[in-house]
Ligand SMILES: NC(=O)c1ccc[n+]([C@@H]2O[C@H](COP(=O)([O-])OP(=O)(O)OC[C@H]3O[C@@H](n4cnc5c(N)ncnc54)[C@H](OP(=O)(O)O)[C@@H]3O)[C@@H](O)[C@H]2O)c1
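Residue numbers (this note's numbering): 4 to 323.
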């Protein structure tokens, strides 16, 4: 099969478009014929050797989410059959390829109303947004949430899920994303480049930090500063949730009953099927800002590194 692989940690230039063996599905696994693979900041962090560094992992195929079709099932797989359309998380890698073997429990039925490119945009971002807003953040109808980086992969889905829950949503992004975010339902838009959010926001129940880290030193510094300043806009008993780092407590956090917490994607079939239902009933709509062929994974990593993606970047696998 064709796959994007690398043989050492490094910059986007280590990504090669190569021949690789088709993986063998083990017990409880499914061999998926991949049609599209989502691109995540984590893919580039792993490629750079910044996260999940392991001894001798090479040759490594990146890509932690896909949409495709069941090619073959391993032993003890009962939930899916050959030719079923599936989507989900692969783990930390394997997705940038024509085939990937995935634990059946990490896959759900692909939303019927979406093509594979748009379905591949969902698993990581939607599962993460769900965990942050609902499982960790406990967002309820009538509450107010401030979402930092509302226009990105996770952010644009978090906006829609928070609106669906019945919350009021304040979203930050740069000016070019205002119309996009208003169309997704953001009630209050803040251009983080021209307006200090803490000069206009007060008494929110939840702050959700999604600002991509490690794009460059300036973005990193701004993300840390944003996190520190966010305590002030929470109401008594509020929560700051980050999917990037555990928020260090603010100076008066304990006295004001504030909490900080980390959230992240938890792969699982039930939630993927629920998310597919929300897509098919028109509640949730993934935006794919950039579609590239698999062989252009290098360009995808250069783009994701800049930290200014609208919606998601997705790699499309050409028919063999
Ligand atoms: N814990 C987990 O399981 C998990 C899962 C997924 C992602 N993550 C992490 O979460 C972060 C976000 O992921 P993602 O996929 O959503 O990233 P992404 O799609 O690359 O995010 C890009 C967005 O960030 C916005 N942005 C950049 N700097 C900003 C700032 N200072 N204030 C407000 N918005 C800003 C950009 O808006 P403008 O272009 O308008 O500036 C752009 O729309 C990454 O660090 C990723 O590693 C963690």
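Backbone N, C-alpha and C fix where the C-beta goes; we use that ideal spot for every residue, glycine too. Computed from a prediction, not measured in an experiment: that's the story for all the values here.
Ligand 1 approaches residue 267 closely enough that one of its heavy atoms is under 7 Å from the residue's Cβ. Taken in chain order, the unbroken stretches of beta strand (DSSP E) that lie wholly in the stretch 84–123 and span 3 residues or more are 88–92, 102–106 and 110–112. Residue state for residue 156 is assigned as helix, using DSSP reduced to three classes. By the CB criterion at 8 Å, residue 97 and residue 66 fall inside the cutoff. Counting every other CB atom within 10 Å of its CB across the protein chains shown gives residue 85 a total below 16, marking it as exposed. Three or more beta-carbon pairs separated by less than 8 Å are not found between the stretch 107–115 and the stretch 49–60, which leaves the two stretches without contact.
Three or more Cβ pairs closer than 8 Å define a contact, and the stretch 303–316 meets that threshold against the stretch 12–21. According to DSSP, residue pairing for residue 203 in a beta bridge does not occur.
Every alpha helix (DSSP H) stretch that sits fully inside the stretch 29–64 and reaches 4 residues is listed by chain position as 44–50. Beta-carbon to beta-carbon, residue 91 and residue 126 are separated by about 5 Å, close enough to satisfy the 8 Å threshold. According to the DSSP secondary-structure assignment, residue 12 is paired through a beta bridge with no residue.
At least one heavy atom of ligand 1 lies closer than 7 Å to the C-beta of residue 179.
Secondary structure in the stretch 291–317: the beta strand (DSSP E) runs of 3 residues or longer, each lying completely within the stretch, are 291–296 in chain order. Listed as beta-bridge partners of residue 21 by DSSP are 6. At the C-beta level, residue 26 and residue 103 come within 8 Å of one another. If you draw a straight line from the Cα of residue 272 to the Cα of residue 117, it comes to about 18 Å. A distance below 8 Å separates the beta carbons of residue 290 and residue 159. For residue 320, no alpha helix (DSSP H) segment is defined, and its DSSP state is neither H nor E.
The continuous stretches of alpha helix (DSSP H) do not include residue 192, which lies in the beta strand (DSSP E) extending over residues 191–194. Using a C-beta cut-off of 8 Å, the stretch 177–186 makes no contact with the stretch 277–288, since fewer than three inter-stretch Cβ pairs fall below that distance.
In this structure, the CA atom of residue 148 is about 33 Å from the CA atom of residue 295.
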